[in-house]
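These notes are about the structure you will find just below.
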Amino acid sequence: MPKHPSASNAFCVAVFLALITTGALGIGAQSGRRARKPEPTPSPTPEATPTPTPAETGPRFTFILGLDKYGNFSRVSLYVYDGVLRSCADRLDDSRSVKTQISSRDMSRGTAIRQAKTEKEAYVVWIQLRQNQFGSSSSIYADSSSLYVEYAVFEPVTAKQVTAGSTFPEAYRTKGVRVPNTSTGGDYYLNQAARGAAERIMDHFHIHPSVKIP
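When we follow the working numbering, the leftmost residue of the sequence shown carries the number 126, and every step to the right adds one.
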């Protein structure tokens, strides 16, 4: 007579089948999931590079100064000429944005214009001492007290006159004040007029000097 499986055996079989089914379902569910993308690794922030300090720029304006020593009918001593030329150049040099060059040769107006046409960047400043019509002198040399400064500025390449004018020593004379010594030479008040011409030139080009005329 055949043996029938006991109830305990049947229970074990059922549990075994249930475990197999659950495992199969778990495997299927995992296979249907998408794999997670790894989180991107943040790039290291580069250190800020310090901004380099810009190098100091050179002068923005270059002026070549020349003086007409023989164009005027009056004879003027050389030390007066030199004092005027140097005083004008020194005043322009009071600004860091200006570079000056002094021409050692005589410079007529025509020579100044021709030189300006050959320049690429430099302006040519032409200076002449004129005798006031009211001045008089018994000497063959003109009295510095009767002179005034006439100037003109020509731009490079075109030689176009960009500014011109005259300055007079009388504007700087003060009675009762002792004339100070100067290393420039020449006539003090005429030199002041030359410095005044330089200031007018700087005003035209909007150049700010670092020192005021006393």
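Beta carbons: idealized from backbone N, C-alpha and C, even for Gly.
Do you know whose CA, among GLY235, PHE186, ILE238 and ILE252, lies nearest ASP207's CA? Ranking the options by Cα distance to ASP207, first place goes to ILE252.
Quick check on DSSP: helix, strand or coil for ALA247? Three-state result, ALA247: coil.
Three-way DSSP call (helix, strand, coil) for TYR342 in this model: Nothing can be reported for residue 342: it is not among the residues displayed for the chain, which extend from 126 to 339.
May I ask you to report which of helix, strand or coil DSSP gives PRO177? Residue confidence for PRO177 is low, a pLDDT of 49 falling below 50, so the modelled location carries little weight; the figure read from the coordinates is stated next. PRO177: coil per DSSP, three-state reduction.
Rounded to a whole number of angstroms, what is the C-alpha to C-alpha distance between PRO179 and ARG185? Its pLDDT being 47, under 50, PRO179 is placed unreliably in this model, and the value from its coordinates should be taken loosely. Rounded to whole angstroms, PRO179 and ARG185 show a C-alpha spacing of 16 Å.
Taking the beta strand (DSSP E) that SER270 falls in, what are its first and last residues? Taken as a continuous stretch (DSSP letters only), SER270 belongs to no beta strand (DSSP E), as it is neither H nor E.
Could you pull out every residue in the same chain whose Cβ sits closer than 6 Å to the Cβ of SER212, ignoring the five residues on either side in sequence? For SER212, same chain residues with a beta-carbon under 6 Å away, outside a window of 5 residues either side, are THR309, ASN316, ALA319 and ARG320 in chain order.
Spatially closest choice to THR292 from GLU246, PHE279 and LEU272, by CA coordinates: That would be LEU272, whose Cα lies nearest to the Cα of THR292.
Thinking C-beta only, is MET327 closer than 8 Å to SER220? Yes, these two residues count as a Cβ contact at 8 Å.
Residues that DSSP places opposite TYR276 in a beta bridge: DSSP lists ILE252 and GLY290 as partners of TYR276.
Quick check on GLN317: does DSSP put it in helix, strand or coil? Secondary structure of GLN317 (DSSP, three-state): helix.
CB ALA247 to CB PHE188, shorter than 8 Å? The Cβ atoms of ALA247 and PHE188 lie closer than 8 Å to each other.
LYS224 - DSSP class collapsed to helix/strand/coil: Residue state for LYS224 is assigned as strand, using DSSP reduced to three classes.
Based on the DSSP secondary-structure assignment, which residues constitute the bridge partners of LEU190? Note: LEU190 is bridge-paired with ILE227 and VAL250 in the DSSP secondary-structure output.
Does VAL250 pass the burial test, meaning 16 or more other C-beta atoms within 10 Å, or should it be called exposed? Result: buried.
Looking at C-alpha atoms only, which residue of LEU254, ARG216, SER222 and LEU217 is the closest neighbour of ASP193? Per the Cα distances, LEU254.
Take ARG325 and list the residues in its own chain whose beta-carbon comes closer than 6 Å to its own, dropping the five residues that flank it on each side. Closer than 6 Å at Cβ, skipping near neighbours: GLY290.
Verify the contact flag: VAL282, CB atom, against every heavy atom of the ligand NAP, threshold strictly below 7 Å. The ligand NAP is not part of the structure shown, which contains no ligands of any sort.
Figure out for me which residue from GLU295, PHE279, VAL278 and ARG234 has the closest Cα to the Cα of SER269. Of all alpha-carbon atoms in GLU295, PHE279, VAL278 and ARG234, the one lying nearest the alpha-carbon of SER269 is that of GLU295.
Determine the burial state of VAL205: buried for a count of at least 16 other Cβ atoms within 10 Å of its Cβ, exposed for fewer. It counts as buried.
Assign ALA154 to one of three DSSP states: helix, strand, or coil. Here the model assigns ALA154 a pLDDT of 48, short of 50, so the residue's position is not dependable, and the following value carries that caveat. In this structure, ALA154 counts as helix in the three-state DSSP scheme.
Where VAL282 falls, given that 16 or more other Cβ within 10 Å makes a residue buried: Around the beta carbon of VAL282, fewer than 16 other beta carbons lie within 10 angstroms, which makes this residue exposed.
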